[in-house]
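First residue of the sequence shown: 170, per my numbering; consecutive thereafter. From the three backbone atoms N, C-alpha and C, an ideal C-beta is built for every residue, glycine too. A quick note: this is a predicted structure, and the numbers were derived from the prediction, not measured. What follows is one structure encoded as structure tokens, with my remarks underneath.
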Amino acid sequence: MRKYFPFFLTYKKALILAPLLVIIDVFCEIVQPELMSKIVDTGVGQKNLSYIYQTGGIMVLLSLVAIAANIGNIYYSSHASVGFAAELRKGMFSKIQEFSFSDLDRFSSASLTTRITNDINILQEVIMMSLRLLIRAPLMLLFAVVIAVRINAGLASIIAVAIPVLAITIYVILRRGLPFFEKMQKKLDQVNGVIQENLINVRVIKSFVREDFEERKFSFTNNELRKIAVKASGTVVLIMPVMQLVMNISIVAIVWFGGNKIISGTFQVGQLMSFITYITQILMSLMMLSMTIMAFSRAEASSERVLEILNTKPTIVDSITAKEKNVQVTRGKVEFKNVCFKYHAEGSEYILKNISFTIAPGKTVAIIGATGSAKSTLIQLIPRLYNVSSGNIWIDDMDINDYTLKNLRTGVNLILQQNELFSGTIKQNLKWGNATASDKDIITAAKYAQAHDFIMAFPEQYETVLGQSGVNLSGGQKQRLCIARAILRKPVVLILDDSTSAVDVATEAKIRASFNQYLQKTTTIITAQRISSIQSADQIILLDHGEIIGNGTHGELIKTNTVYHEIYASQQLQKGTVR
Ligand SMILES: Nc1ncnc2c1ncn2[C@@H]1O[C@H](COP(=O)(O)OP(=O)(O)OP(=O)(O)O)[C@@H](O)[C@H]1O
Ligand SMILES: [Mg+2]
């Protein structure tokens, strides 16, 4: 609960006012039956018309105050709960932004979306409900019991029987029902998961003609949810009729005993009337309480899931030394010293083993190896998207852990293998990496990345809108925009992870040539599977199953490294057969 306090802070006023208004409302309502009984017993009994008017006037006035207090309560409760939800969403969103890649590996994006929407909505509802009912119900219960006892302690003993009966029944029903609600929440998570995965991959599903399979998968999960939901509501619907029964029996008992008392002259009609109203209020309050408890238990599962995110400590953060030093990457020397890495701390085997190499500033280095040889893994360690398991990575002769993440990632720009653009114009996308870039810079970067020509071919050119409502780019066009976006950041070390895989060989060569010409000072690290596309690199590092098995220029490796030679020969052969 303490974790949630900061999200309430802005709404302190509403949080105090809402319960205060409830107290006023309860007070106005609770005296009504008493006044009513006075009208009947004193006003009507003694035929005192002015008393009736007077008391009636007070009743109307109190009703108006109650209505006003109630409206105020609704206003402040919704203000606080909706505001809390918005703050919490904001908090969760920025927390997720802090997540490192390994944190992100733990939560699927479907689950993150469910948590940030559905779970927060449930919390919002329960807060709204608490602000309305949590104080109202016990207060009403207390007042009503006290007044009922005061009116007639003997009759009030009926409550002493009715309350435990009702309380025990509600308890038993909730105990049976609540586990179903918890399960329901989990099932709902699964349904959301299936829907989201399906929507993200809808094109794949269509091209594989797997709609039927997906529909069956969805129906199954959906059905499970339905079954649990039916069971859950099936148990709790019992609360209402049980309550009705207890209430009616209590009223009959009160009328019976009270009637006898009236006949014997020790009780009055008005008193009986108000007594019945108080009993109804007592039982209604109990019902409200049980509903609140139910809502709370249902919200617990959601709360746990929200807290799981809020409590996640991002694994990659700035060290104190890094903040103190506040050094920028300037030259672009990259050094690996005995680096080992595995994705999961427990058990699993090392993906990278004893990696050591040095890249001089401004050089172009290629990392090649078969698919799965850990090329992407290796380069993701340089901007600290993952932390090394052991060993060190140095940039400009300083450990990367001694740079702040901001400085490190400004200096080292990685174009991920699966790169994405955002919806918006081409220009907005390019500027996304560097908000201060001028139009001239943008055009230059696009030219280096061989993107300028295809951009100019669009009628709207750099203002072309991408995404859902606009143009869809080809894979190769996207890749070139991603390269241009990275160049615009003017990084000291530029890393391209298979970033030209969807670009034809001729264009790829042009990109490389413009890099050689214009980005001479930039250390460029490129991963690739085709030797032909990186042949001219200053240095080539050959990876095999997470180990370096060759390091040198193309000329050196061809002569000294048999594996390299074989790969080269086989790729040349393939090229020959294709042609
Ligand atoms: N996020 C991850 N969590 C756990 N294991 C991973 C993760 N990413 C990659 N791996 C594993 O690490 C190994 C190396 O993968 P990596 O993506 O680095 O290879 P790669 O050389 O880049 O391959 P490709 O040429 O296909 O891009 C693979 O066995 C893969 O299963
Ligand atoms: Mg890869």
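(1) Which partner residues does Q437 have in the DSSP bridge list?
(2) Can you determine whether any heavy atom of ligand 1 sits closer than 6 angstroms to the C-beta of Y519, and answer yes or no?
(3) Residues in the same chain with beta-carbon distance under 8 angstroms from D713, minus the five sequence neighbours each way, listed in chain order, please.
(4) With a CB to CB cut of under 6 angstroms and the five nearest residues on each side skipped, what residues in its chain are close to I332?
(5) So, for N576: in the same chain, excluding its five sequence neighbours on each side, which residues have a beta-carbon less than 6 angstroms away from its beta-carbon?
(6) Should I624 and A614 be called a contact, given that it needs their Cβ atoms to be closer than 7 angstroms?
(7) Looking only at its chain, what residues have a beta carbon closer than 8 angstroms to the beta carbon of G252, apart from the 5 residues adjacent to it on each side?
(8) Pull up the distance between the alpha-carbon of S559 and that of L281, whole angstroms please.
(9) Where M261 and E203 are concerned, what is the direct C-alpha to C-alpha distance, given to the nearest angstrom?
(10) Under the criterion of a Cβ to heavy atom distance below 6 angstroms, does Y512 qualify as lining ligand 1?
(11) Tell me whether K522 sits in a helix, a strand or coil according to DSSP, three-state version.
(12) May I have all residues whose beta carbon comes closer than 7 angstroms to any heavy atom of ligand 2, sorted in chain order?
(13) Would you kindly check if the distance between the Cβ of A238 and the Cβ of L190 is under 7 angstroms?
(14) Counting pairs of beta carbons, one from the region 336–345 and one from the region 239–251, are three or more of them closer than 8 angstroms?
(15) Using DSSP bridges, identify the partner residues of F510.
(16) Give the straight-line distance between the Cα atoms of Y555 and I485, rounded to the nearest whole angstrom.
(17) Taking the beta carbon of D666 as the centre, do at least 16 other beta carbons fall within 10 Å, making it buried, or is it exposed?
(18) Less than 7 angstroms between the C-beta atoms of A322 and Q450, yes or no?
(19) With which residues is E716 paired in a DSSP beta bridge?
(20) Please tell me whether T692 and K544 are closer than 7 angstroms, where the distance is taken between their beta carbons.
(21) Can we say the region 347–358 touches the region 392–407, given the rule of at least three CB pairs closer than 8 angstroms?
(22) Are the region 476–484 and the region 545–554 touching, with three or more C-beta to C-beta distances below 8 angstroms?
(23) With 16 as the cutoff for other CB atoms within 10 Å, does E661 come out buried or exposed?
(24) Are the beta-carbon atoms of V534 and I694 separated by less than 7 angstroms?
(25) Mind the definition here: the region 496–516 touches the region 560–567 only if three or more C-beta pairs lie below 8 angstroms; say whether that holds.
(26) I need the DSSP call for W563, collapsed to helix, strand or coil.
(27) Buried or exposed for M416, going by 16 or more other Cβ atoms inside 10 Å?
(28) Tell me whether R372 is buried or exposed, calling it buried when 16 or more other Cβ atoms sit within 10 Å of its Cβ.
(29) If you follow the beta strand (DSSP E) that V581 is in, where does it begin and where does it stop?
(30) Applying the 10 Å Cβ sphere with the 16-neighbour rule, what's the burial state of Y447?
(31) With distances taken Cα to Cα, identify the nearest neighbour of A682 among K600, I328, S705, N287.
(32) Start and end of the alpha helix (DSSP H) containing I536?
(33) Taking S454 and L310 to be in contact with their CB atoms under 8 angstroms, please state how far apart those CB atoms are, rounded to whole angstroms.
On the basis of the data shown:
(1) By one-based count along the sequence shown, residue 437 stands at place 268. Beta-bridge pairing links Q437 to no other residue.
(2) On the sequence shown, residue 519 is found 350 positions in, with the first residue counted as 1. Y519: no, Cβ never under 6 angstroms from ligand 1.
(3) Here residue 713 refers to the residue found at position 544 of the sequence shown. The residues are G538, A539, S542, V732.
(4) Residue numbering aside, residue 332 sits at position 163 when the sequence shown is read from its first letter. The answer is none, since no qualifying residue turns up.
(5) Counted from its first residue, the sequence shown places residue 576 at position 407. Hits under 6 angstroms: Q497.
(6) Within the sequence shown, the letter at position 455 stands for residue 624. Within the sequence shown, the letter at position 445 stands for residue 614. No, the Cβ-Cβ distance between I624 and A614 is not below 7 angstroms.
(7) Counting from 1 along the sequence shown, the entry for residue 252 is found at position 83. Result list for G252: T179, Y180, A183, in chain order.
(8) For this step, residue 559 is matched to residue 390 along the sequence shown. For this step, residue 281 is matched to residue 112 along the sequence shown. Computed Cα separation, rounded: 30 angstroms.
(9) Working through the sequence shown from its first residue, we reach residue 261 at position 92. Working through the sequence shown from its first residue, we reach residue 203 at position 34. Approximately 50 angstroms, taken between the alpha carbons.
(10) As a first step, residue 512 must be located in the sequence shown, where it is residue number 343. Flag set: Cβ of Y512 near ligand 1.
(11) Against the sequence shown, residue 522 aligns to sequence position 353. K522: strand per DSSP, three-state reduction.
(12) K544, S545, Q586, D666, D667, T696
(13) The sequence position of residue 190 within the sequence shown is 21, counting from 1. The sequence position of residue 238 within the sequence shown is 69, counting from 1. Yes, these two residues count as a Cβ contact at 7 angstroms.
(14) no
(15) Residue numbering aside, residue 510 sits at position 341 when the sequence shown is read from its first letter. DSSP, once it has assigned bridges, lists L521 as partnering F510.
(16) As a position in the sequence shown, residue 555 is number 386, starting the count at 1. As a position in the sequence shown, residue 485 is number 316, starting the count at 1. Each residue's Cα considered, the two are about 8 angstroms apart.
(17) Translated into the one-based positions of the sequence shown, residue 666 becomes position 497. Its Cβ being crowded by 16 or more others within 10 Å, D666 is buried.
(18) The count along the sequence shown starts at 1 and reaches residue 322 at position 153. The count along the sequence shown starts at 1 and reaches residue 450 at position 281. Against a cut-off of 7 angstroms, the Cβ pair of Q450 and A322 comes out as no contact.
(19) For the purposes of this step, residue 716 is identified with residue 547 of the sequence shown, where counting begins at 1. Partner(s): D713.
(20) Within the sequence shown, residue 692 is the residue found at index 523, counting from 1. Within the sequence shown, residue 544 is the residue found at index 375, counting from 1. No; because the gap between Cβ atoms is not below 7 angstroms, this pair is not in contact.
(21) yes
(22) no
(23) Here the question's residue 661 lines up with position 492 in the sequence shown. As written in the sequence, residue 661 is Val, which differs from the Glu given in the question. Buried.
(24) One-based indexing of the sequence shown puts residue 534 at position 365. One-based indexing of the sequence shown puts residue 694 at position 525. Yes, they are a contact pair.
(25) yes
(26) If you number the sequence shown from 1, residue 563 lands on position 394. Strand at W563.
(27) Against the sequence shown, residue 416 aligns to sequence position 247. With 16 or more Cβ atoms within 10 Å of its Cβ, M416 is classed as buried.
(28) Locating residue 372 in the sequence shown gives position 203, counting from the first residue. The residue in question, R372, is exposed, as its Cβ has fewer than 16 Cβ neighbours within 10 Å.
(29) The sequence position of residue 581 within the sequence shown is 412, counting from 1. Its beta strand (DSSP E) spans residues 581–584.
(30) As a position in the sequence shown, residue 447 is number 278, starting the count at 1. By the 10 Å Cβ count, Y447 comes out buried.
(31) For the purposes of this step, residue 682 is taken as residue 513 along the sequence shown, with counting starting at 1. The shortest C-alpha separation from A682 is found at S705.
(32) Here residue 536 corresponds to residue number 367 of the sequence shown, with the count starting at 1. No alpha helix (DSSP H) contains I536, which is instead part of the beta strand (DSSP E) from 533–537.
(33) Taking the first residue of the sequence shown as 1, we reach residue 454 at position 285. Taking the first residue of the sequence shown as 1, we reach residue 310 at position 141. About 4 angstroms separates the two Cβ atoms, so the contact holds.
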